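Reading through the structure tokens given below for one structure.
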Ligand code: GDP
Ligand code: IMO
Ligand code: MG
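Residue numbers (our numbering): 166 to 594.
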């Protein structure tokens, strides 16, 4: 029996969705523990591409239970739309496949309005997804949020909206110059959501711990990435939740002793969406080439992703912060055509050599990358199914990634489809 955590080891979009979809075979339950519909996890099955924002990436496997834990913030409209989309495609035939924890917080219209209004200030812009994530977590920590368990109680919900709205409208109108929100409209809209959502309500901590005691395997699906963590990321250019492995425990009510392995997903290069420092970023033709080859456009907002070389300094940070036991290296095929590939092995900061990731975004911004160069393989590796199928140059590149990270690769992905995968070792055994 093993419980495995999947974590984005960079700035998000590493291919977590694909890896979770593959690992679901070994687990009985797949659990989201943080974030909300700022996430966009892509699953490619045959000719079909499915992007999930809230529902765990195990949902395509009938009989596997998908749980949205207390640490998630949920936009009910997006959630219900996602269910509808899945059902139309023939998935989620049994509603019992999906469970929502009552303590998770609900994203309200004022959260989205405040998020978008704040982002209009170009000098302080974070480049958020505009989904209301930050303001919703602000209210959670400020002890004034609305939980799912409040949403489904009509009187409690109306009282909470009544209490919150004057403050939110004051901020929206007087500070941001935005239109006022209407109490009746909100209550009416959200009450309709409540009626459709109630059937998914459950207790995440209790049911997951029962499953653990019964010998089930759990798979925890991280959203965003390590360097977007609210505490450990490149603050303030981060998201508002604990994206690292520690977030699993607070976000689900499953204790640390039950976590057996933590797999960090990393691209064979690096991307970032939104603002913030990114030392190995390529603002040149090579960056454009990688963006094109990797189809690096956001799955949530469609924004072009910033592209750069693999950053070993950042990966070492992710290995330490998450206690990574294995790396899943994705998108190795994107580098197929390059004759020369670089890895950032250290930074130079004010003439000094830095081998450890600076915790201050202002310092990181001034860091310049120190690179080591590798020969490319200049051949198509999409059909490789074992390490032996890879060209020597690709094997050497992976070995260097592992050595610099101080962590072994457990999986290599050579294309978006399920079958385009090399499984080196199984984290569930
Ligand atoms: P997530 O947020 O970490 O789940 O990642 P996204 O879904 O936002 O972005 C990853 C993108 O890369 C998706 O379009 C995937 O279909 C695609 N992808 C995943 N693994 C591979 C791979 O090994 N090779 C290629 N070419 N694409 C991949
Ligand atoms: P997945 O799960 C990449 C980024 C945004 C912005 C910052 C804050 O698909 O990897 P937010 O809306 O969360 O307040 O935005 O975080 N961001 C992501 N970048 N992948 C994601 O999710 C992201 N979720 C948030 O671009 O820079
Ligand atoms: Mg994504």
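Ideal Cβ placement from N, Cα and C applies to all residues, glycine included. Source: prediction; values computed, not measured.
{"Item": "Compare the C-alpha of residue 364 against each of 166, 317, 573, 301 and name the closest.", "Value": "317"}
{"Item": "Excluding the 5 residues preceding and the 5 following residue 601 in the sequence, name in chain order all residues of the same chain whose CB lies nearer than 6 Å to its CB.", "Value": "What the structure shows of the chain is the stretch from 166 to 594, and residue 601 is not part of that stretch, so it cannot be assessed."}
{"Item": "Could you pull the DSSP bridge partners for residue 222 from this structure?", "Value": "DSSP lists no partner for residue 222."}
{"Item": "Could you check how far apart the C-beta atoms of residue 537 and residue 508 are, in whole angstroms? I think they sit under 8 Å.", "Value": "5 Å"}
{"Item": "Taking 8 Å as the limit between beta carbons, can you name the residues of its chain near residue 362, skipping five residues before and five after?", "Value": "241, 244, 245, 265, 313, 316, 317"}
{"Item": "Given the structure, does residue 592 come close to ligand 1, in the sense that its CB is under 8 Å from one of the ligand's heavy atoms?", "Value": "no"}
{"Item": "With a cut-off of 8 Å on the beta carbons, I'd call residue 405 and residue 395 a contact; round off their distance for me.", "Value": "6 Å"}
{"Item": "Give a single yes or no on whether residue 181 has its beta carbon closer than 8 Å to a heavy atom of ligand 3.", "Value": "yes"}
{"Item": "Would you tell me roughly how many angstroms separate the C-alpha atoms of residue 421 and residue 414, rounded to the nearest one?", "Value": "6 Å"}
{"Item": "State the Cα-Cα distance for the pair residue 588 and residue 551, rounded to the nearest angstrom.", "Value": "7 Å"}
{"Item": "For residue 402, verify whether its CB is less than 8 Å away from any heavy atom of ligand 5.", "Value": "Ligands displayed in this structure: ligand 1, ligand 2 and ligand 3; ligand 5 is not among them."}
{"Item": "Excluding the 5 residues preceding and the 5 following residue 384 in the sequence, name in chain order all residues of the same chain whose CB lies nearer than 6 Å to its CB.", "Value": "169, 188, 192, 195"}
{"Item": "Looking at C-alpha atoms only, which residue of 590, 583, 593 is the closest neighbour of residue 602?", "Value": "Lying outside 166 to 594, the shown extent of the chain, residue 602 is not represented and no answer is given."}
{"Item": "Residue 230 lies in the beta strand (DSSP E); which residues open and close that run?", "Value": "230-233"}
{"Item": "Would you mind working out which of 532, 591, 295, 319 sits nearest residue 467, comparing C-alpha positions?", "Value": "295"}
{"Item": "Using CA coordinates, which residue listed in 214, 213, 220 is at the minimum distance from residue 204?", "Value": "220"}
{"Item": "Can you have a look at residue 518 and say buried or exposed, based on whether 16 or more other CB atoms are within 10 angstroms of its CB?", "Value": "exposed"}
{"Item": "Please classify residue 215 as buried or exposed, where buried requires at least 16 other C-beta atoms within 10 Å of its C-beta.", "Value": "buried"}
{"Item": "In terms of residues, what are the limits of the beta strand (DSSP E) holding residue 466?", "Value": "Premise fails: residue 466 is in no beta strand (DSSP E) and is neither H nor E."}
{"Item": "Would you check whether ligand 2 has a heavy atom nearer than 8 Å to the C-beta of residue 186?", "Value": "no"}
{"Item": "Who does residue 493 pair with in a DSSP beta bridge?", "Value": "430, 576"}
{"Item": "Hey, could you find the ends of the beta strand (DSSP E) residue 507 is sitting in?", "Value": "505-514"}
{"Item": "Could you spell out the range, first to last residue, of the alpha helix (DSSP H) harbouring residue 209?", "Value": "No alpha helix (DSSP H) contains residue 209, which is instead part of the beta strand (DSSP E) from 206-210."}
{"Item": "Starting from residue 169 and walking both ways along the beta strand (DSSP E), at which residues does that stretch end?", "Value": "169-173"}
{"Item": "For ligand 3, I want to know if residue 406 counts as a neighbour, meaning its beta carbon is within less than 8 Å of at least one of the ligand's heavy atoms.", "Value": "no"}
{"Item": "Shortest alpha-carbon distance to residue 238 belongs to which of 227, 407, 199, 285?", "Value": "199"}
{"Item": "Skipping 5 residues on each side, what residues in its chain have a beta carbon closer than 6 Å to that of residue 297?", "Value": "272, 276, 277, 280"}
{"Item": "Between which two residues does the beta strand (DSSP E) harbouring residue 587 extend?", "Value": "586-588"}
{"Item": "Grouping DSSP H, G and I as helix and E and B as strand, with all else coil, what is residue 298?", "Value": "helix"}
{"Item": "Taking only the alpha-carbon atoms, compute the straight-line gap between residue 252 and residue 516 and give it to the nearest angstrom.", "Value": "57 Å"}
{"Item": "Determine the contact status of residue 480 and residue 429, defining contact as a CB-CB distance below 9 Å.", "Value": "yes"}
{"Item": "State buried or exposed for residue 387, treating a residue as buried only when at least 16 other CB atoms are found within 10 Å of its CB.", "Value": "buried"}
{"Item": "Once DSSP output is grouped into helix, strand and coil, what is the label at residue 424?", "Value": "coil"}
{"Item": "Do you know how far the Cα of residue 263 is from the Cα of residue 232?", "Value": "6 Å"}
{"Item": "Let me check understanding here. Comparing Cα to Cα, which of 581, 563, 579, 580 lies closest to residue 163?", "Value": "The structure shown does not extend to residue 163, since the chain is modelled only from 166 to 594, so the question has no answer here."}
{"Item": "Just the residues with CB closer than 5 Å to a heavy atom of ligand 3, in chain order, which are they?", "Value": "178, 205, 464"}
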